[in-house]
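Numbering (my numbering), first residue to last: 4 to 319. First comes the structure, then the notes that go with it.
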Ligand SMILES: C[S@@+](CC[C@H](N)C(=O)[O-])C[C@H]1O[C@@H](n2cnc3c(N)ncnc32)[C@H](O)[C@@H]1O
């Protein structure tokens, strides 16, 4: 729980403490926050009004005497129940609901229950050895996974392309997501592996020396054994590799206008107007250049089979 949200929760508890000296409290859940709230009640001398902390694991063999099973709530009948977790608040509420009366007031804090959680996504991302640099905006990896998930749901066929693969961190994640989604889509990754080409437009604004990875052998080794093709060279010259392919997902992460425009020129065929949904394109980290009308196919803003950092989000 973020400090600001914990502080708000404590403030709500103080108001409830001050409003009526007879109000009794229960903490729901056995979490690190539980200990903070217990400490708070002790610090303000209100431990007599705290009936206990209740969880599924609570019981007689618990070292803390205040840690009780949920079923005891039926007889303890607290006036206020404090949910001791932000991300897990929905689960805790569902667990405790049968044991509380409708008049029990519930206090909780934060919005972490809205954050994306998916066991496959978490496992694949958390076990990555090479970090993904898909960080053009905060939820980009989640959106890539959701694009693939929806493409699988829709039965799309073809290849998954990544324009600008750097060390292959995201390339491997894409390949592993695809595998876990039960699909056979090959991944085709593009990069110069020699850094950013010389500027060809004033909108080729990005050139970051730390984002140059030349060790193609190490990258090939890292990606060995997977259904991944590596296309080396400037995408302005190599993007045509996709001309004869159906594209399930194109992730355009080359950072600059000229490169992104070349990638879009090839992938836009998959967006021909009136066609059934067969492709998803995710633009990332190419800054204001991508918002120029001339870069995007004219139907991008109106169609729902395109996702980008700034346009339709219907695929999510
Ligand atoms: C932000 S990094 C890509 C990060 C990678 N997608 C990830 O998620 O880990 C940008 C990459 O684009 C590559 N790049 C930029 N312009 C290119 C071009 N015209 N052709 C091929 N690769 C290019 C750079 O070499 C760099 O490795």
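C-beta atoms are modelled at their ideal positions from N, C-alpha and C, and glycine is treated no differently. Note that the structure is predicted; figures quoted are calculated from it, not measured.
- Using a 10 angstroms sphere on the CB of residue 259, the tally of other CB atoms reaches 16 or more, which defines it as buried.
- In this structure, the C-beta of residue 137 approaches ligand 1 to less than 6 Å from one of its heavy atoms.
- About 6 Å separates the beta carbons of residue 226 and residue 174, which is inside the 8 Å limit, making them a contact pair.
- For the pair residue 50 and residue 43, the CB atoms are not nearer than the 7 Å cut-off.
- Of the heavy atoms belonging to ligand 1, none sits nearer than 6 Å to the Cβ of residue 207.
- DSSP places residue 57 in the uninterrupted beta strand (DSSP E) bounded by 53-58.
- Taking the Cα of residue 94 as reference, the smallest distance to any Cα among 58, 126 and 105 is reached at 58.
- Taking the Cβ of residue 214 as the reference point, at least one heavy atom of ligand 1 falls within a distance shorter than 6 Å.
- In the displayed model, residue 19 falls within a helix according to three-state DSSP.
- Shown here, residue 136 sits in coil according to DSSP, grouped into three states, outside any helix or strand.
- Exposed is the label assigned to residue 119, since fewer than 16 other Cβ atoms lie within 10 Å of its Cβ.
- A residue is called buried when at least 16 other Cβ atoms come within 10 angstroms of its Cβ; residue 117 does not meet this threshold and is exposed.
- In the structure shown, residue 108 adopts extended strand secondary structure according to DSSP, grouped into three states.
- Contact between residue 167 and residue 82 does not hold, since the beta-carbon distance rounds to 57 Å and is not under 8 Å.
- Residue 190 carries a strand assignment under DSSP once its states are collapsed to helix, strand and coil.
- Residue environment: residue 92 is assigned as buried (16 or more neighbouring CB atoms within 10 Å of its CB, all protein chains considered).
- When DSSP reads this structure, residue 163 sits in a beta bridge with 190 and 252.
- It is roughly 24 Å from the alpha-carbon of residue 13 to the alpha-carbon of residue 75.
- Membership of residue 29 in the beta strand (DSSP E) is indicated by the continuous run 28-31.
- Secondary-structure assignment with DSSP links residue 145 through no beta bridge to anything.
- Ranking 146, 148, 9 and 136 by CA distance to the CA of residue 115 puts 9 first.
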